[in-house]
Amino acid sequence: MLVRLLLLSSVLLSCISNGSGGVTSGFVRNEFPSVDIPLDNEVFAVPKGYNAPQQVHITQGDYDGKAVIITWVTADEPGSNKVSYGLSEGKYEYTAEGTVHNYTFYNYTSGYIHQCLIDGLQYSTKYYYEIGDGDSSRTFWFQTPPPIDPDSPYKFGIIGDLGQTYNSLSTIEHCMQSGAEAILFVGDLSYADRYEYHDVGVRWDSWGRFNERSSAYHPWMWSAGNHEIEYFPYMGEVTPFRNYLQRYPTPYLASESSSPLWYAVRRASAHIIVLSSYSPFVKYTPQWEWLQQELKRVDREKTPWLIVLVHSPLYNSNDAHFMEGESMRVVFESWFCNYKVDVVFAGHVHAYERSYRISNTRYNVSSGPAYPVPDKSAPVYITIGDGGNQEGLALRFRDPQPDYSAFREASYGHATLDIKNRTHAFYHWNRNDDGKRTPTDEFVLHNQYWGMNRRRRKLKKNHLNSVLSNLPLSLIF
Ligand SMILES: [Fe+2]
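Numbered per mature numbering (1 follows the signal peptide of the UniProt record, and there is no 0), the sequence shown spans residues -21 to -1, 1 to 456.
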């Protein structure tokens, strides 16, 4: 009992560390050059066989995790739109029929993009699926999440600003080793917009083949970054997000959104809200109206974990993109605090940073400046735009480190959020340390709804004991 009490007090103390005095890590690793991997590298290999499916990726297909959208590309001809799937490999009880389309972008013509929704799936079940025709068909698998339940455990991986360099490859491989079941992606996918003319489409294709190693098996929840805008008047291509929207569908209709660029899904015990930094979001715009309604739909009794994904960080103390998220902070921060969002993940800045729980909602244009202050209702803000793209790292943090900044380091990596139950989640940021996955920043995330009111919400007697017995020692001491 005494040991239990000591453990409990250590855990509680570790979560109260709300004061100033954050850490700026001086770690500098030997990085691979920040250049895209050449197109003839095997990581971009086209699968063997005539018209074989390539660039395969899946995402959640409904609000609650019982459907999946499967997307793939065939290069030579449209071919079949059919997905065969079932509970064992090679034995497919079910089929679903999708759609196919292609598009042009300047003088580039895409392959045939197939999209197929499969729904009515069972929770916590491994499905195998087959796409393509005859000898060129390919088989993959995915695991559906546990049911929507406040104590459903789930492990998310979080990646941002990925690109297609050797660092990107290191990040994605480490994330796959971490056991993450689904990926929360915070924008800037391929960096194809760094190319011109025909090569823009070519690099979207290569990124699709590159990312298939993860996204054909694990659903990625997409959000759009500035590299998805692709406003190119010199090519006559001026419709924002065109390549992205043609290739990466989202289940936006399921959350009553009017745009694939902002939407929400529920998965296990989490309610995930995806926002678009580069679409209108001020008062009365569709995104603002939608978010107002979606926050009302959040039921913390069913999905205790409220997570927001957005590309441009609301808090960032790096010189890169400093203050770019300020306009969205002014519009949405008070909602994030009122609804007790647990964590806001952002990308954009090519470094890692975590904040304490702080807010800055007192400013108004009459009474002058205000500064971020500790706020127990506020989310933790995490910037994780360190996936490893060709633009390199954002090495210049502002000095001194602001009081609100808990930890920051300019290294490549990914994070995992390992939700254990309604009150506790274990968070790790993992640096790509010269080929190894190295846990570097880690803490216990206490749920903003259940964690704050344990007594009032009458948790089961042994709930805390069960949490403590699961805690890794590194998170306690
Ligand atoms: Fe960005």
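Cβ atoms here follow ideal geometry from the backbone N, Cα and C, with glycine treated the same way.
All figures in this text were calculated on a predicted structure; none of them were measured in a lab.
Around the C-beta of residue i, are 16 or more other C-beta atoms found within 10 angstroms, so that it is buried, or is it exposed?
{"i": "residue 350", "result": "exposed"}
{"i": "residue 76", "result": "exposed"}
{"i": "residue 200", "result": "buried"}
{"i": "residue 283", "result": "buried"}
{"i": "residue 213", "result": "exposed"}
{"i": "residue 272", "result": "exposed"}
{"i": "residue 52", "result": "buried"}
{"i": "residue 218", "result": "exposed"}
{"i": "residue 244", "result": "buried"}
{"i": "residue 346", "result": "exposed"}
{"i": "residue 222", "result": "buried"}
{"i": "residue 32", "result": "buried"}
{"i": "residue 198", "result": "buried"}
{"i": "residue 209", "result": "buried"}
{"i": "residue 158", "result": "exposed"}
{"i": "residue 388", "result": "buried"}
Ordered along the chain, which non-local residues of its own chain (more than five positions away) have a Cβ less than 7 Å from that of residue i?
{"i": "residue 292", "result": "304, 325, 327, 328, 360, 362"}
{"i": "residue 29", "result": "55, 115"}
{"i": "residue 457", "result": "As shown, the chain starts at -21 and ends at 456. That puts residue 457 outside it, with no answer to give."}
{"i": "residue 384", "result": "1, 296, 332, 334"}
{"i": "residue 261", "result": "267, 310"}
{"i": "residue 486", "result": "The shown model of the chain, from -21 to 456, leaves out residue 486, and the question about it has no answer."}
{"i": "residue 353", "result": "-4, 335, 336, 337"}
{"i": "residue 41", "result": "98, 230, 233"}
{"i": "residue 60", "result": "76, 77, 78, 79, 93, 95"}
Quick one: what's got a C-beta closer than 6 Å to residue i's C-beta in the same chain, skipping five residues either side?
{"i": "residue 102", "result": "123, 125, 126"}
{"i": "residue 278", "result": "none"}
{"i": "residue 50", "result": "36, 94"}
{"i": "residue 289", "result": "254, 256, 325"}
{"i": "residue 100", "result": "45, 123"}
{"i": "residue 299", "result": "328, 373"}
{"i": "residue 58", "result": "30, 112"}
{"i": "residue 320", "result": "285, 287, 358"}
{"i": "residue 72", "result": "65"}
{"i": "residue 87", "result": "177, 180"}
By how many angstroms is the C-alpha of residue j removed from the C-alpha of residue i?
{"i": "residue -14", "j": "residue 410", "result": "Confidence at residue -14 is low in this model, with a pLDDT of 42, below 50, so the placement of that residue should be treated as unreliable; the coordinate-derived value is given next. Rounded to whole angstroms, residue -14 to residue 410 spans 29 Å at the Cα level."}
{"i": "residue -9", "j": "residue 398", "result": "Below a pLDDT of 50, predicted positions are generally treated as unreliable, and residue -9, at 35, falls in that range; the measurement from the model is reported next regardless. Going by the C-alpha atoms only, they are around 20 Å apart."}
{"i": "residue 15", "j": "residue 171", "result": "10 Å"}
{"i": "residue 98", "j": "residue 1", "result": "46 Å"}
{"i": "residue 404", "j": "residue 194", "result": "24 Å"}
{"i": "residue 287", "j": "residue 323", "result": "5 Å"}
{"i": "residue 24", "j": "residue 144", "result": "15 Å"}
{"i": "residue 337", "j": "residue 187", "result": "38 Å"}
{"i": "residue 396", "j": "residue 407", "result": "7 Å"}
{"i": "residue 141", "j": "residue 167", "result": "7 Å"}
{"i": "residue 156", "j": "residue 81", "result": "34 Å"}
{"i": "residue 470", "j": "residue 425", "result": "Limits of the chain in this structure are -21 at one end and 456 at the other, which puts residue 470 out of reach."}
{"i": "residue 233", "j": "residue 5", "result": "44 Å"}
{"i": "residue 252", "j": "residue 241", "result": "8 Å"}
{"i": "residue 151", "j": "residue 196", "result": "13 Å"}
{"i": "residue 228", "j": "residue 239", "result": "7 Å"}
{"i": "residue 129", "j": "residue 246", "result": "10 Å"}
{"i": "residue 423", "j": "residue 191", "result": "31 Å"}
{"i": "residue 189", "j": "residue 12", "result": "18 Å"}
{"i": "residue 173", "j": "residue 3", "result": "31 Å"}
{"i": "residue 148", "j": "residue 74", "result": "33 Å"}
{"i": "residue 70", "j": "residue 109", "result": "10 Å"}
{"i": "residue 27", "j": "residue 153", "result": "26 Å"}
{"i": "residue 380", "j": "residue 386", "result": "9 Å"}
{"i": "residue 175", "j": "residue 370", "result": "16 Å"}
{"i": "residue 204", "j": "residue 316", "result": "24 Å"}
{"i": "residue 250", "j": "residue 294", "result": "22 Å"}
{"i": "residue 356", "j": "residue 85", "result": "48 Å"}
{"i": "residue 202", "j": "residue 348", "result": "32 Å"}
{"i": "residue 248", "j": "residue 378", "result": "38 Å"}
{"i": "residue 401", "j": "residue 21", "result": "43 Å"}
Near residue i, what residues of its chain come up, given a Cβ to Cβ distance below 8 Å and the 5 sequence neighbours on each side ignored?
{"i": "residue 508", "result": "This structure gives no information on residue 508, because the portion of the chain shown stretches from -21 to 456."}
{"i": "residue 104", "result": "66, 122, 123"}
{"i": "residue 83", "result": "89"}
Comparing the CB of residue i with every heavy atom of ligand 2, is any distance shorter than 7 Å?
{"i": "residue 205", "result": "Ligands in the displayed structure: ligand 1; ligand 2 is not one of them."}
Got a sec: is the Cβ-Cβ distance from residue i to anything in chain B below 8 Å?
{"i": "residue 392", "result": "In the displayed structure, chain B is absent; only one protein chain is listed."}
Open item on the list: Runs of 3 residues minimum, wholly inside the segment 204 to 247: which ones carry the beta strand (DSSP E) assignment?
Closed with: 242 to 246
So, do the segment 338 to 346 and the segment 181 to 196 have three or more beta carbon pairs nearer to each other than 8 Å?
-> no
Beta strand (DSSP E) runs wholly inside the segment 261 to 349, at least 3 long, in chain order: 284 to 288, 322 to 325, 331 to 334
Below 8 Å, can you find three or more Cβ-Cβ pairs linking the segment 130 to 137 to the segment 149 to 163? yes
Could I get the ranges of all uninterrupted beta strand (DSSP E) runs contained in the segment 61 to 118, with 3 residues as the minimum, in chain order?
-> 61 to 65, 73 to 76, 78 to 80, 91 to 97, 105 to 110
Alpha helix (DSSP H) runs wholly inside the segment 346 to 376, at least 4 long, in chain order: none
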